[in-house]
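Undergrad: Remember, the working numbering sits 20 above the position in the sequence shown when you count from 1.
Got a structure here, written out as C-alpha cells. Questions coming.
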Amino acid sequence: MPGMAGRRPRQTATMSDVARLAGVSVSTVSHVLNQTRPVAPDTARQVHDAVAACGYVPEQVTRQQQEGLGIIGLAMSAISNPYFADVVHGLDRRASKQGYSLLLAETHDDPDGELRAVSELLRRKVSAIVLAPSGDTERTLAYARRAGVPVTVLDRAVRQDTDQISVENVESTARLVDHLAENGHTRIAMISGRPGLATTEERVRGYRLGLSRRDLREREEYLVSGGSQADPAQRATTALLRLAEPPTAVVVGNNRMTIGAMRGLREAGVRVPDDIALVAFDDFEWSDLFQPRLTAIAQPTALIGEQAFELALSRIADPSVAPRRVLVQPTFQHRESCGCAAGAN
C-alpha cells in the first residue's frame, strides 16, 4: 500500500489521513466506511488497512463514548452456528439486565472480514466489542485499541494482552480419546478444524495427548482436516473410510463437522456405533435427537456469553485493570454413539 510502511499513526487521525495513507480520495474512504457506493475489494481492503494503521475513529464513535450509550458489538463468524447462537443468547440475557443492547456483525471467519466487521461496529457507536477471532486478529485488536474501544475475545484464545474467555480444549479432547481407548479402540482418527485457529490446535494437541497416554501410535492418515465446516468434514469422513485400514472410531472437532461426518457415514452405509464409534467436541440442543444419540464434550455456551459480557462491562467501568483470561471447563456427555454401555468411563 502506498506510504504504509514506516508511518507512525497520529493521536487524532482524520479521514484525510486515511485517504493519504491508502492512496485514494477522501470520497472513496467515505464510500467504503459508510457503504454508500460499491468499491473494488482491493481498494476497500486498502482503506480498512489504513483505518487500522492510523487509528481513525469516526466522529459518531467519539460522541457515543462521551454520551455513554449502551451498545455492545459482537463480531462473530456465523450466527447460524448453534454454538455462537447459544453464546449470543447468554450474552444478550445478561446484557439486557444491565440496560445494554447488542449489535452483531459477521466476520465470515476471514481476517479482512473481521476488520471490516469491527470497523462497522465502531461506526455504529458501540461501547465495547466481543470478538470471536478469525485466526490472525492482530490488526483488529490494534485498530480497536487505537479507537479506545475495549475488546473481549471469546472461544479462540489469542496471544495478545486482552480480556478473553475460552473453554478448556486439550484435556477434554484427550478424554474423548481415552474413553474410546478404554472401550477397546486402537484405530482412532480425528477430523480437525480449520488450520490456524487456536481451538483447532488445542483440540489436535488433546487428541495426540490422548493417544500418547494410551501408548497408541499416531497415524498421519488418521488426522484429517474438516475445515470447521460440514461439507469438508463429509469429504474427510469419506477419505477415512476409503483407507486400506480405516479407523474404528472417530473424534470430530466441532458441531458443524459432526453433521458432515454423519452424512458421510450414512451415505457410505456405515452404521454408528455398530461399524464405527463417533464422538465429538461440541454438544448442541438437538444432538440427542440423533440416533444413536451423540457422545460429546458440551461447552457451557450460555455461561460463556454471560461471562464475556461481564468481562466487557468490567473493562468499560475501569479500563486500567489488568487483562483477564477466563478458562471454562466443559462437561462430558455420555450417550450411545461411542458404542459402550451407559455409565462407562
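Think of the CB as a built atom: it goes at the ideal place given N, C-alpha and C, for glycine as much as any other residue.
This one's a predicted model, so the numbers in the text were calculated from it and none came from an experiment.
Beta-carbon within less than 7 Å of Gln349's beta-carbon, same chain only, minus the 5 sequence neighbours each way: which residues are those?
TA: So the qualifying residues of the chain are Glu188.
Undergrad: Taking one C-beta from the region 288–305 and one from the region 349–358 each time, how about it: are there three or more such pairs within less than 8 Å?
TA: Taking 8 Å as the limit for Cβ pairs, the verdict is that the region 349–358 does touch the region 288–305.
Undergrad: Could you please give me the residues that DSSP links to Ile91 through a beta bridge?
TA: According to DSSP, which records beta bridges pairwise, Ile91 is partnered with Ser121.
Undergrad: CA-CA distance, Asp37 and Cys74?
TA: Rounded to whole angstroms, Asp37 to Cys74 spans 8 Å at the Cα level.
Undergrad: Under 6 Å Cβ to Cβ from Arg283, same chain only, skipping five residues before and after it: list those, please.
TA: Here the set comprises Gln254.
Undergrad: Give the secondary structure of Ser186 by DSSP, where H, G and I count as helix, E and B as strand, and everything else as coil.
TA: Three-state result, Ser186: strand.
Undergrad: Per the DSSP calculation, Gln327 is bridged to which residue(s)?
TA: Per DSSP, none; premise fails for Gln327.
Undergrad: On the three-state DSSP scale, how would you describe Phe104?
TA: Reduced to three states, the DSSP call for Phe104 is helix.
Undergrad: Measuring alpha carbon to alpha carbon, tell me which of Arg40, Ala64, Asp112 ends up nearest Leu323.
TA: Nearest of Arg40, Ala64, Asp112 to Leu323, Cα basis: Asp112.
Undergrad: For Gly213, tell me which candidate among Ala148, Arg207, Val346, Asp129 has the shortest Cα-Cα distance.
TA: Among Ala148, Arg207, Val346, Asp129, the Cα nearest to that of Gly213 is on Asp129.
Undergrad: To which residues does DSSP link Thr172 through a beta bridge?
TA: According to DSSP, which records beta bridges pairwise, Thr172 is partnered with Val150, Asp183.
Undergrad: Measuring CB to CB, does Thr127 end up less than 8 Å from Asp175?
TA: Not closer than 8 Å, so no.
Undergrad: Hey, is the region 148–164 in contact with the region 324–334, meaning 3+ C-beta pairs nearer than 8 Å?
TA: With the cut-off at 8 Å, the region 148–164 and the region 324–334 touch.
Undergrad: Does the separation of the CB atoms of Pro267 and Ile208 fall below 8 Å?
TA: Contact flag set, yes.
Undergrad: Does the beta carbon of Val138 sit closer than 8 Å to a beta carbon anywhere in chain B?
TA: As a matter of chain content, chain B is missing from the structure shown, which is built from one protein chain.
Undergrad: Do you know offhand how far Ser100's Cα is from Leu53's?
TA: One C-alpha to the other measures close to 26 Å.
Undergrad: Based on Cα-Cα distance, which residue from Gly119, Asp132, Ala269, Ser116 lies nearest to Pro61?
TA: Nearest of Gly119, Asp132, Ala269, Ser116 to Pro61, Cα basis: Asp132.
Undergrad: Specify the secondary structure class of Met96 as computed by DSSP and reduced to three states.
TA: Here Met96 sits in strand by DSSP.
Undergrad: Quick one: what's Arg345 bridged to in DSSP?
TA: Gln184.
Undergrad: According to DSSP, is Val38 helix, strand or coil?
TA: Here Val38 sits in helix by DSSP.
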